[in-house]
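Comments concern the structure below.
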Amino acid sequence: MSTVAPHPGNVTPIDRENGAVDHTKELDAGTLFVLKSQGSWLHCGYHMTTAIVAPALLSIPYAMSLLGWVGGVLTLSAAGLVTFYSYNLLSIVLEHHARLGKRQLRFRDMGHDILGYSKTAPPKDYSVTGVGINHIFGAINGILIVATTYGNGIIPEIQATLAPPVTGKMFKGLLLCYAIIISTFFAVGISGYWAFGNQAQQSVLQNFMVDGKPLVPKWFLLMTNVFTLLQVLAVNLVYLQPTNIVLENKFGNPRMDQFSIRNFVPRLISRSLSIVIATTLAAMLPFFGDILALFGAFGSMPLDFILPMIFYNVTFKPSKKSLMFWGNTTIIVVSITLGLVGAVASVRQIVIDAKTFRLFANV
Numbered sequence: 001m002s003t004v005a006p007h008p009g010n011v012t013p014i015d016r017e018n019g020a021v022d023h024t025k026e027l028d029a030g031t032l033f034v035l036k037s038q039g040s041w042l043h044c045g046y047h048m049t050t051a052i053v054a055p056a057l058l059s060i061p062y063a064m065s066l067l068g069w070v071g072g073v074l075t076l077s078a079a080g081l082v083t084f085y086s087y088n089l090l091s092i093v094l095e096h097h098a099r100l101g102k103r104q105l106r107f108r109d110m111g112h113d114i115l116g117y118s119k120t121a122p123p124k125d126y127s128v129t130g131v132g133i134n135h136i137f138g139a140i141n142g143i144l145i146v147a148t149t150y151g152n153g154i155i156p157e158i159q160a161t162l163a164p165p166v167t168g169k170m171f172k173g174l175l176l177c178y179a180i181i182i183s184t185f186f187a188v189g190i191s192g193y194w195a196f197g198n199q200a201q202q203s204v205l206q207n208f209m210v211d212g213k214p215l216v217p218k219w220f221l222l223m224t225n226v227f228t229l230l231q232v233l234a235v236n237l238v239y240l241q242p243t244n245i246v247l248e249n250k251f252g253n254p255r256m257d258q259f260s261i262r263n264f265v266p267r268l269i270s271r272s273l274s275i276v277i278a279t280t281l282a283a284m285l286p287f288f289g290d291i292l293a294l295f296g297a298f299g300s301m302p303l304d305f306i307l308p309m310i311f312y313n314v315t316f317k318p319s320k321k322s323l324m325f326w327g328n329t330t331i332i333v334v335s336i337t338l339g340l341v342g343a344v345a346s347v348r349q350i351v352i353d354a355k356t357f358r359l360f361a362n363v
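Take the sequence shown: its position 299, counted from the start at 1, is 299 in UniProt numbering, and no numbers get skipped.
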């Protein structure tokens, strides 16, 4: 079953005058083969949970070591509340435009339709490490790491896979997703920081090895790494959707069957190469937490904390006297500030750590 799209007739002349674009006259191969509208709210919840509850959460104890008990728990809670609110707003905006016949399947569709074109594009120690500027930048990096662990930049693609009608399905999926997030993020973050204090490594699994000797039974460490690998495989399937769309657009033929030789062979080669490249880059860069902070500044902050609020305010135009408008605006301003300062802090930390690490290091 191909992607269910609104009929071109749903885009009225008035909509066109207001700048609406009908994306459905001819679906490209990426949309047709990757974003199939067949899913239920359980399917949606699975995809969101898989995308968010990823190995990145292993860096939460390290983030808490930069923030301390109070700052760490407050940041975990605030990031959870804001991202749940943000993803729900994003879902509402997507559903609203779909009802108008302007179904948006990707962030770039939303940006084009809603914003238009733009010309500018061990011994336990719970003390927070660092003093002065190092303390400040460390705390900001901790916030960005937590923001990245909650990040999910593929909400439009996930909603595009839901079978119509989509009303309420995304919200149910979010509830399922965040029920799992609360039980996993807080458990890993609090227990990891409790156990290792400010010695928590950028991936808490590194703390289980001291001088080459495991602190836990080898079978337990092996099992943990196997489960982490399985989760990485599941995350790849979800997060490669935008990449797969681009690859299908480039190499796929929407006029032929999805599993024909003409479409299957290029798909197998291109997707295999993308996984090899991603795996090579991941193995090459040894500072896991620093990279998460960088992704938080340039990726998670714009996609998860800024754009959903902007899309909602532009689409529904809430009163400038309303709590909704000022709440969204406050989140936007705070997130932009954190993103700008965090970009400097994360790059600075990578430069510092680059002096002590080497590529493909066995850490």
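The beta carbon of each residue, even a glycine, is placed where N, CA and C say it ideally should be.
Because the structure is a prediction, the values reported are computed rather than measured.
Problem - CB of residue 312 within 7 Å of CB of residue 89, strictly - result: Taking 7 Å as the Cβ cut-off, residue 312 and residue 89 qualify as a contacting pair.
Exercise for the section: Could you tell me which residues DSSP puts in a beta bridge with residue 213? Expected result: According to DSSP, which records beta bridges pairwise, residue 213 is partnered with 210.
Exercise for the section: Can you tell me which of the three DSSP states residue 346 falls into? Expected result: For residue 346, the secondary structure class from DSSP, reduced to helix, strand or coil, is helix.
Handout entry: Where residue 120 falls, given that 16 or more other Cβ within 10 Å makes a residue buried
Key = Since pLDDT at residue 120 reaches only 40, below the 50 mark, its modelled position is unreliable, and the value read off the structure follows with that caveat. That one is exposed.
Practice task
May I ask you to verify whether the stretch 245-253 touches the stretch 44-57, counting CB pairs closer than 8 Å and requiring at least 3?
Solution key: With contact defined as three or more Cβ pairs closer than 8 Å, the stretch 245-253 and the stretch 44-57 are not in contact.
Problem - Beta carbon of residue 147 nearer than 7 Å to that of residue 300 - result: A contact, by the Cβ cut-off of 7 Å.
Practice task
Quick one: using the 10 Å Cβ neighbour count with 16 as the cut-off for buried, is residue 7 buried or exposed?
Solution key: Its pLDDT being 40, under 50, residue 7 is placed unreliably in this model, and the coordinates cannot settle the point.
Exercise for the section: Using only alpha-carbon positions, find the residue among 188, 229, 177, 217 that is nearest to residue 41. Expected result: Nearest in C-alpha terms to residue 41, of all of 188, 229, 177, 217, is 177.
Problem - Cα-Cα separation between residue 242 and residue 157, rounded to whole angstroms - result: So the alpha carbons of these two residues sit roughly 8 Å apart.
Practice task
For the alpha helix (DSSP H) containing residue 313, list its first residue and its last residue.
Solution key: That run of the alpha helix (DSSP H) goes 307-316.
Exercise for the section: Could you please give the first and the last residue of the uninterrupted alpha helix (DSSP H) stretch that includes residue 150? Expected result: If you look at residue 150, you'll find it isn't in any alpha helix (DSSP H); DSSP assigns it neither H nor E.
Exercise for the section: Measuring alpha carbon to alpha carbon, tell me which of 115, 352, 342 ends up nearest residue 137. Expected result: Answer by Cα proximity: 342.
Problem - Spatial distance of residue 13 from residue 100 (CA atoms) - result: Model confidence at residue 13 stands at a pLDDT of 43, short of 50, so the residue's coordinates are unreliable and nothing is read from them.
Handout entry: Top-ranked residue by Cα proximity to residue 333, from 349, 354, 314, 302
Key = Put simply, of 349, 354, 314, 302 the residue whose alpha carbon is nearest the alpha carbon of residue 333 is 302.
Exercise for the section: Closer than 8 Å by C-beta to residue 213: which residues in its own chain qualify, once you throw out the five before and the five after it? Chain order, please. Expected result: Non-local beta-carbon contacts of residue 213 in its own chain, meaning distances under 8 Å to residues more than five positions away in sequence, are absent.
Handout entry: 7 Å Cβ cutoff met for residue 150 and residue 79
Key = In contact: residue 150 and residue 79 (Cβ atoms closer than 7 Å).
Exercise for the section: Please look up how many angstroms separate the CB atoms of residue 82 and residue 305, rounded, as I've assumed it's under 8 Å. Expected result: About 6 Å separates the two Cβ atoms, so the contact holds.
Handout entry: Three CB pairs or more closer than 8 Å across the stretch 190-206 and the stretch 65-73
Key = The stretch 65-73 and the stretch 190-206 touch, with three or more beta-carbon pairs separated by less than 8 Å.
Practice task
Please go through the stretch 37-79 and give each complete alpha helix (DSSP H) segment of 4 or more residues, from N-terminal end onward.
Solution key: Every unbroken stretch of the alpha helix (DSSP H) spanning 4 or more residues and falling wholly within the stretch 37-79 is given here in chain order: 41-52.
Problem - residue 287 beta carbon less than 7 Å from that of residue 186 - result: Against a cut-off of 7 Å, the Cβ pair of residue 287 and residue 186 comes out as no contact.
Problem - Buried/exposed call for residue 168, threshold 16 Cβ in 10 Å - result: Residue 168 counts as exposed, since fewer than 16 other beta carbons sit within 10 angstroms of its beta carbon.
Practice task
Using a threshold of 7 Å, state whether the C-beta atoms of residue 314 and residue 92 are closer than that.
Solution key: Cβ distance not < 7 Å, so residue 314 and residue 92 don't count as in contact.
Practice task
Taking residue 268 as the reference, give the member of 48, 279, 252 with the closest Cα.
Solution key: The shortest C-alpha to C-alpha distance from residue 268 to any of 48, 279, 252 is the one to 252.
Practice task
Could you give the DSSP three-state label for residue 359: helix, strand or coil?
Solution key: Three-state result, residue 359: coil.
Exercise for the section: Pick helix, strand or coil for residue 233, following the three-state DSSP scheme. Expected result: DSSP places residue 233 in the helix class (H, G or I) of the three-state scheme.
Exercise for the section: Rounded to whole angstroms, what's the CA-CA distance from residue 207 to residue 231? Just pull it up for me. Expected result: Distance from the CA of residue 207 to the CA of residue 231, rounded to the nearest whole angstrom, comes to 20 Å.
Exercise for the section: Report the option in 45, 44, 50 whose CA atom is closest to the CA atom of residue 229. Expected result: With respect to the C-alpha of residue 229, the residue from 45, 44, 50 having the closest C-alpha is 50.
Exercise for the section: Could you name each continuous alpha helix (DSSP H) segment of 4 residues or more that falls completely within the stretch 235-269, going from the start of the chain to the end? Expected result: The qualifying runs are 241-251.
Handout entry: Nearest to residue 289 (by Cα), restricted to the options 353, 84, 263, 104
Key = Cα-wise, what sits closest to residue 289 is 353.
Problem - Burial state of residue 144 (16 or more Cβ within 10 Å) - result: Residue 144 should be labelled buried.
Handout entry: Selection from 198, 225, 98 that minimises the alpha carbon distance to residue 139
Key = In this structure, 198 is the residue among 198, 225, 98 with its C-alpha nearest to the C-alpha of residue 139.
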